[in-house]
Structure formats: C-alpha cells, structure tokens
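All the letters of the sequence shown, read from the start, carry residue numbers 1 to 175 under this note's numbering. Below is one structure, written out as structure tokens; the observations come after it.
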Amino acid sequence: MPLGISGTFNFMIVFQAEHNILMHPFHMLGVAGVFGGSLFSAMHGSLVTSSLIRETTENESANEGYRFGQEEETYNIVTAHGYFGRLIFQYASFNNSRSLHFFLAAWPVVGIWFTALGISTMAFNLNGFNFNQSVVDSQGRVINTWADIINRANLGILLSLPGDQKIKKWLIYLR
Numbered sequence: 001m002p003l004g005i006s007g008t009f010n011f012m013i014v015f016q017a018e019h020n021i022l023m024h025p026f027h028m029l030g031v032a033g034v035f036g037g038s039l040f041s042a043m044h045g046s047l048v049t050s051s052l053i054r055e056t057t058e059n060e061s062a063n064e065g066y067r068f069g070q071e072e073e074t075y076n077i078v079t080a081h082g083y084f085g086r087l088i089f090q091y092a093s094f095n096n097s098r099s100l101h102f103f104l105a106a107w108p109v110v111g112i113w114f115t116a117l118g119i120s121t122m123a124f125n126l127n128g129f130n131f132n133q134s135v136v137d138s139q140g141r142v143i144n145t146w147a148d149i150i151n152r153a154n155l156g157i158l159l160s161l162p163g164d165q166k167i168k169k170w171l172i173y174l175r
C-alpha cells in the first residue's frame with residue numbers, strides 16, 4: 001500500500017499522536033540499532049583503511065593490491081582492532097574477522113526487528129510509556145521535561161484531526 005511521501009509522514013505523525021511511539025522502548029532499540037550499526041560500520045571502515053597491507057609500489061594505486069576472490073587478507077585485523085581495543089577497552093574489539101562482520105550485519109537487523117515489534121504491539125494498543133502527568137516539585141510547580149513537550153505535540157496533533165475522530169481520539173488518549 002504505497003502512501004507516497006505526504007501519506008507516509010501523515011501516518012507517522014498521527015501514529016505518534018495516537019500511540020506515543022517515541023517513548024516505546026522497542027522504538028528506542030530500533031533507533032539504537034540503525035544509528036549504532038552505521039557508527040560501527042564507519043569505525044570498522046576507518047580501522048580497515050588505516051591498516052591496509054601495501055601490496056603495490058608507490059607508483060600504483062593501493063586498490064591494485066586486491067584481486068577479486070583472493071584468499072589472503074588485505075588488512076591486518078590484529079593491528080586494527082588491537083588499536084581499537086586499546087582506544088576503547090580490551091573487550092570492545094574483535095580478533096575474529098567472521099564474528100566482527102556477523103556483528104556488523106546483525107546489529108542493525110536486530111534493531112529493525114525491535115522496531116517492527118514495537119509497531120506490531122501498537123496493533124494491540126500496547127502503547128509506549130504514558131507520561132501524561134508532568135513532574136512537579138514539592139511546591140507543586142511543574143518541572144518541564146521532554147515528555148511534556150512530546151505530550152503537548154501529541155495533543156496538538158490529536159486536536160487537528162477531523163471532527164468525529166478528534167473527540168474519540170481525545171477520550172482514548174485521556175484514558
């Protein structure tokens with residue numbers, strides 16, 4: 001069911017207003033999966049690039065040192081991830097190329113699965129954390145948080161829905 005750009009953004013905004021998906025832990029895990037996967041891939045690419053084993057002369061491109069299907073590695077994983085282990089901490093690095101590349105592939109996939117689980121739970125109205133009440137201090141003054149801003153945005157979106165839907169969604173939201 002292609003919605004187009006406008007329909008997709010309308011769906012996302014109304015979905016947020018009705019279900020508060022931004023406060024759902026599965027959505028948060030999905031974001032961590034996608035952004036974390038891109039960060040890990042960028043760090044890995046940087047480490048590989050900085051530890052290439054030169055197979056060519058100075059007059060040739062370093063890319064000429066690789067032949068498709070060759071069995072020997074073109075970079076030194078021990079050097080690259082040994083440095084990374086000293087930079088972050090010892091157990092943050094991989095010594096095994098296969099486990100490293102499995103991790104690079106699996107991390108964002110598992111994140112997307114969690115996002116899909118989060119969206120699927122909304123089908124059963126198992127919404128995100130419901131922070132409808134503001135945090136107050138001992139004198140009853142409101143301490144503004146990001147949850148307040150999200151709640152105000154959600155209520156504003158709900159009020160912008162067409163007539164009959166607006167009242168029904170408002171009552172469901174206040175439940």
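For glycine and all other residues, C-beta sits at the position ideal for the given N, C-alpha and C. In this text, all values refer to a predicted model and were calculated from it rather than measured experimentally.
To the nearest angstrom, report how far apart residue i and residue j are at their CA atoms.
i: G118; j: E58; result: 53 Å
i: H137; j: I143; result: Before going on, a small fix: residue 137 reads as Asp here, not His. Their backbone Cα atoms lie some 7 Å apart in a straight line.
i: N127; j: L155; result: 15 Å
i: H19; j: I5; result: 21 Å
i: S41; j: F102; result: 12 Å
i: H27; j: W113; result: 10 Å
i: I13; j: R152; result: 13 Å
i: G85; j: T8; result: 42 Å
i: N125; j: Q139; result: 35 Å
i: T83; j: V34; result: Inspection of the sequence shows that residue 83 is occupied by Tyr rather than by Thr. Computed Cα separation, rounded: 25 Å.
In chain order, what residues of the same chain lie with their CB nearer than 8 Å to the CB of residue i, ignoring the 5 residues before and after it?
i: G36; result: W107, P108 and G111
i: A80; result: L47, V48, S50 and S51
i: H44; result: L100 and L104
i: S78; result: The identity of residue 78 in the sequence shown is Val, whereas the question assumes Ser. Cβ neighbours of V78 beyond the five flanking positions: N95.
i: S97; result: E73 and I77
Could you check whether residue j and residue i sit closer than 8 Å to each other, using their CB atoms as the reference points?
i: L3; j: F11; result: yes
i: T121; j: G30; result: no
i: I150; j: L39; result: no
i: I157; j: A17; result: yes
i: D148; j: S134; result: yes
What are the boundary residues of the alpha helix (DSSP H) that includes residue i?
i: R152; result: W146 to L159
i: Y83; result: I77 to L87
i: G111; result: S97 to M122
Whose C-beta lies closer than 7 Å to the C-beta of residue i among residues of the same chain, with five residues either side of it excluded?
i: T145; result: V135
Enumerate in chain order the residues of its own chain whose CB-to-CB distance from residue i is below 6 Å, with the five nearest sequence positions on each side excluded.
i: L87; result: none
Does the ligand NAD have even one heavy atom less than 7 Å from the beta-carbon of residue i?
i: F35; result: The model on display carries no ligand, and the ligand NAD is accordingly not part of it.
Please check if any C-beta of chain C sits within less than 8 Å of the C-beta of residue i.
i: A32; result: No chain C appears in the structure shown, which is made up of a single protein chain.
(request) Identify every run of the alpha helix (DSSP H) within the stretch 1 to 33, keeping only runs that are complete inside it and at least 4 residues long; order them along the chain. (result) Counting whole runs of 4 or more residues, the stretch 1 to 33 contains the alpha helix (DSSP H) stretches 4 to 19.
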